[in-house]
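Asks: Numbering (my numbering), first residue to last: 3 to 260. Glycine included, each C-beta is placed from N, C-alpha and C at the ideal position. Pasting a structure here, questions to come.
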Ligand SMILES: Nc1ncnc2c1ncn2[C@@H]1O[C@H](COP(=O)(O)OP(=O)(O)O)[C@@H](O)[C@H]1O
Ligand SMILES: [Mg+2]
């Protein structure tokens, strides 16, 4: 079968972590560099996105998974509009409004239960990231023990819920992007991850606004969300290369309670 080449895929709209997103004629193609991602990674993300679609979560429709030279790619419906991140960048004076919107959408997603075996358990995933974190064996042990004590739950956790991954079309309808990290688990852990993503992005003010709003709207104690921060930080360690970001994660891991 003749495979497509990158030239067939249209204009590049995003390049990030060895993934390139193209758009052409209403079709988005996300190409995964084979030196960093196996084909199964693309199939897995497409499968989770399709599962979310079947659960009637607002996501772009998946069209297929195919090869582009040696790389694998997912094609899906283009949502013509702007991400929450673009809106925040264009209208920084009203950033709070967009963070509040992000919280609202996150709560809608996290209000769903999923016991579907297709989704990995959040705790399994976090345990595996802790094991691969490169931290000392005693710190890893403490983190595994801490994680074990945390409540389970089976909420639809996105794993990378952030303004770049929420897009609004021209009618104001939102769609959630980027389904590679979805799991079933504790909603506060997913909120803690979003809080951490804001901190990693250098936006402490938005992180605090997010945390306050999330806790207010879900009647959750802020300390309950904060309890997840050490395991979430350990989980992110391998994926950051920036020294300042690494330090931020290590500082958060330090707060393990004995
Ligand atoms: N279906 C889509 N419609 C419109 N824009 C999209 C779509 N999918 C991705 N994008 C754009 O490409 C960016 C990166 O896509 P994403 O799937 O989040 O990849 P990554 O894993 O690199 O974060 C998004 O933040 C958004 O701006
Ligand atoms: Mg993304």
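Which full runs of the alpha helix (DSSP H) of 4+ residues lie inside the region 173-260, going along the chain?
Replies: Counting only runs of 4 or more, we get 189-202, 206-220, 224-228, 231-238, 245-255.
Asks: Who does residue 164 pair with in a DSSP beta bridge?
Replies: Here residue 164 refers to the residue found at position 162 of the chain shown. For residue 164, which the question treats as bridged, DSSP gives no partner whatsoever.
Asks: What's the call for residue 144, buried or exposed, on a 16-neighbour Cβ count within 10 Å?
Replies: Locating residue 144 in the chain shown gives position 142, where the first residue counts as 1. Classification of residue 144: buried, given that the 10 Å Cβ count is 16 or more.
Asks: Between which residues of its own chain and residue 61 is the CB-CB distance below 8 Å, once the five residues before and five after are set aside?
Replies: Position 59 of the chain shown, counted from the start, is the residue given in the question as residue 61. Excluding residues within five positions, the ones whose Cβ falls inside 8 Å are 51, 54, 55, 177, 178, 179, 181.
Asks: Are there 16 or more other CB atoms within 10 angstroms of the CB of residue 57, so buried, or fewer, so exposed?
Replies: Residue mapping note: residue 57 aligns to position 55 of the chain shown, counting from 1. Per the 10 Å Cβ criterion, exposed.
Asks: Is it true that the region 93-102 meets the region 200-219, where meeting means three or more beta-carbon pairs spaced less than 8 Å apart?
Replies: As far as the Cβ criterion goes, the region 93-102 touches the region 200-219, which means the pair count is three or higher.
Asks: So what's residue 17 in DSSP terms, helix, strand or just coil?
Replies: For the purposes of this step, residue 17 is taken as the residue at position 15 of the chain shown. Three-state result, residue 17: strand.
Asks: Between residue 260 and residue 160, what straight-line distance do the alpha-carbon atoms span, to the nearest angstrom?
Replies: As a first step, residue 260 is located in the chain shown; it is residue number 258 there, counting from the start. As a first step, residue 160 is located in the chain shown; it is residue number 158 there, counting from the start. At residue 260 the pLDDT is 46, less than 50, meaning the model places this residue with poor confidence; the figure from the coordinates comes in the next sentence. Computed Cα separation, rounded: 29 Å.
Asks: For the 8 Å Cβ check, are there 3 or more pairs between the region 26-33 and the region 3-18?
Replies: Yes, the region 26-33 is in contact with the region 3-18.
Asks: Can you name the start and end residues of the beta strand (DSSP E) that residue 29 belongs to?
Replies: For the purposes of this step, residue 29 is taken as the residue at position 27 of the chain shown. Here the beta strand (DSSP E) through residue 29 covers 29-34.
Asks: Using a 10 Å radius around the Cβ and a threshold of 16 neighbouring Cβ atoms, would you call residue 119 buried or exposed?
Replies: By 1-based counting over the chain shown, the position of residue 119 is 117. So residue 119 ends up on the exposed side.
Asks: So, for residue 250: in the same chain, excluding its five sequence neighbours on each side, which residues have a beta-carbon less than 7 Å away from its beta-carbon?
Replies: Counting from 1 along the chain shown, the entry for residue 250 is found at position 248. The answer, listed in chain order, is 201, 202.
Asks: Taking DSSP as the reference, what is the three-state secondary structure of residue 126?
Replies: Taking the first residue of the chain shown as position 1, residue 126 is located at position 124. Of the three classes helix, strand and coil, the one that applies to residue 126 here is helix, per DSSP.
Asks: For the alpha helix (DSSP H) containing residue 55, name the first residue and the last one.
Replies: Reading the chain shown from its first residue, position 53 is the one you call residue 55. 41-56 is the span of the alpha helix (DSSP H), which, as asked, contains residue 55.
Asks: Using only CA atoms, which one of 157, 139, 86 lies nearest to residue 168?
Replies: As a first step, residue 168 must be located in the chain shown, where it is residue number 166. For residue 168, the nearest C-alpha among the options comes from 86.
Asks: CB-CB under 6 Å to residue 81, same chain, minus the five flanking residues each way: which ones, in chain order?
Replies: The residue given as residue 81 occupies position 79 in the chain shown. Around residue 81: 62, 169, 171, 177.
Asks: Have a look at residue 74 and residue 36 and give me their C-alpha separation to the nearest angstrom.
Replies: Residue mapping note: residue 74 aligns to position 72 of the chain shown, counting from 1. Residue mapping note: residue 36 aligns to position 34 of the chain shown, counting from 1. Approximately 7 Å between the Cα atoms of the pair.
Asks: Starting from residue 83, follow its DSSP beta bridges and name the residues at the other end.
Replies: As a working note, residue 83 is residue 81 in the chain shown. Paired residue(s): 171.
Asks: Is any non-hydrogen atom of ligand 2 found closer than 7 Å to the C-beta of residue 179, if you look at the structure I gave you?
Replies: As a position in the chain shown, residue 179 is number 177, starting the count at 1. True, at least one ligand heavy atom lies under 7 Å from that Cβ.
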